[in-house]
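The numbering used here applies: residue 300 is where the sequence shown begins, and numbers increase by one.
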Amino acid sequence: MGSKKYTPTISTQEFDAIATELRNALKSKYDASKSDADRPPPNPATKGAFDHMPELDSKTVAKWSSTVKNHIGCKLDPGFIRKGGYDSFDDFWADMQPKLHSSCPEAVGNEAANEEGLAP
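Encoded structure:
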């Protein structure tokens, strides 16, 4: 988490409060990617050729960085994205949610000052 670019501006408690909203926003992105009208139709000649491909690839997840930023105040750390992708959206969320949560500081702004006894 060394870079401020990837440091959330919300606390772990705030993350807990918005986690469902973030999950729903990312699920909408996932659903949209699966119903993309520009996707070519299945080709019987290549049936089975791509069976080893993940349901959700890491490049698609990387494109969701702005959605993550809108919710937690920083871009998605590419180091959090599993190489090779994910078997499903639920697999993605089960892997990503704890990483995002743990990247959040325990307290931010006035919360941090209150905890340290610095706030009036």
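Using N, Cα and C, we set each Cβ at its ideal position, and we do this for glycine too.
Item: Under the three-state reduction of DSSP, which class applies to L431: helix, strand or coil?; Value: Residue 431 lies beyond the range of the chain shown here (300 to 419); nothing can be said about it.
Item: Is the Cβ-Cβ distance between G378 and P353 less than 7 Å?; Value: no
Item: For the alpha helix (DSSP H) containing M352, list its first residue and its last residue.; Value: From DSSP, M352 is part of no alpha helix (DSSP H); its letter is neither H nor E.
Item: Just to confirm my understanding: we take N369, look at its own chain, exclude 5 residues before and 5 after, and list those with CB closer than 8 Å. What are they?; Value: A324
Item: Give me the Cα-Cα distance between S357 and R381, rounded to the nearest whole angstrom.; Value: 7 Å
Item: Tell me whether E320 is buried or exposed, calling it buried when 16 or more other Cβ atoms sit within 10 Å of its Cβ.; Value: exposed
Item: What residues match up with Y385 in a beta bridge as DSSP calls it?; Value: L355
Item: Using three-state DSSP, classify W407 as helix, strand or coil.; Value: Correcting the residue type first, residue 407 is Val in the shown sequence and not Trp. The answer is coil: DSSP assigns V407 none of H, G, I, E or B.
Item: Buried or exposed, going by whether 16 or more other CB atoms sit within 10 Å of the CB of P307?; Value: buried
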